[in-house]
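Each step along the sequence shown adds one to the number in our numbering, with nothing skipped, and position 123 is 232.
Built from N, CA and C at the ideal position, the CB exists for glycine as well.
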Amino acid sequence: VRTADVTDLRIISAMLEVPREQFVAPAMAGLAYLDLDVPVRAGATRHLIKPMVLAKLIQAADLAATDRVLDVGCATGYAAAVLARVAGEVLALDQDAALAEAARVGLAGQSRAGPKPRPMTPSSWKARPRSRPRRCSGN
């Protein structure tokens, strides 16, 4: 990530703190830190995007520590975990209820001060309080 013109130390620090292997299938844990799109579970068509691409997207968003972010297509929650260390609040949305639950479990295990990202499905998104994120990031 550092060699890919990612200069925001908050992003670099966040990516060092979040254990990417906890957000992929156990069989894929050995690939978690390669700059690859890694499947979130065996046989899955959904992937965590390459760390370098994620870091560049977050840097391009120019997030402030007070920003609220909507992570659409959060899968197992890795990007939401990284975003939560850069922005003030993260809502993580995925249409796949099993992935949203995997994100909830993975994010609950993260140790950090401040609010944790909140994984949601479209039905729980509709039932949420009406405050809206100010910035958006796709996964």
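Simplified DSSP state of residue i, which is helix, strand or coil
| i | result |
| --- | --- |
| Arg177 | strand |
| Leu157 | strand |
| Ala201 | strand |
| Val147 | strand |
| Pro128 | coil |
| Pro226 | coil |
| Arg119 | helix |
| Tyr142 | coil |
| Arg213 | helix |
| Ala193 | helix |
| Val133 | coil |
| Ala184 | coil |
| Gln168 | helix |
Beta-carbon proximity check, residue i vs residue j, cutoff 8 Å
| i | j | result |
| --- | --- | --- |
| Val178 | Ala190 | no |
| Val199 | Ala164 | no |
| Phe132 | Gly218 | no |
| Arg129 | Arg194 | no |
Classification of residue i by the beta-carbon crowding that lies within 10 angstroms, buried from 16 upward
| i | result |
| --- | --- |
| Tyr187 | buried |
| Asp203 | buried |
| Gly139 | exposed |
| Asp144 | exposed |
| Asp171 | exposed |
| Ala201 | buried |
Through-space distance from residue j to residue i, alpha-carbon basis
| i | j | result |
| --- | --- | --- |
| Ala141 | Ala173 | 27 Å |
| Val127 | Ala206 | 23 Å |
| Ala134 | Thr175 | 32 Å |
| Gln168 | Leu192 | 10 Å |
| Ala184 | Pro160 | 15 Å |
| Leu166 | Pro226 | 18 Å |
| Gly182 | Glu210 | 13 Å |
| Ser153 | Asp180 | Looking at the sequence provided, one finds Ala at residue 153 rather than Ser. Those two C-alpha atoms are separated by around 20 Å. |
| His156 | Leu208 | 11 Å |
| Arg213 | Arg150 | 16 Å |
| Pro148 | Ala136 | 10 Å |
| Asp117 | Thr230 | 31 Å |
Heavy atom of the ligand FAD within 7 Å of residue i beta-carbon
| i | result |
| --- | --- |
| Ile121 | As far as ligands go, the structure on display features none, and thus does not contain the ligand FAD. |
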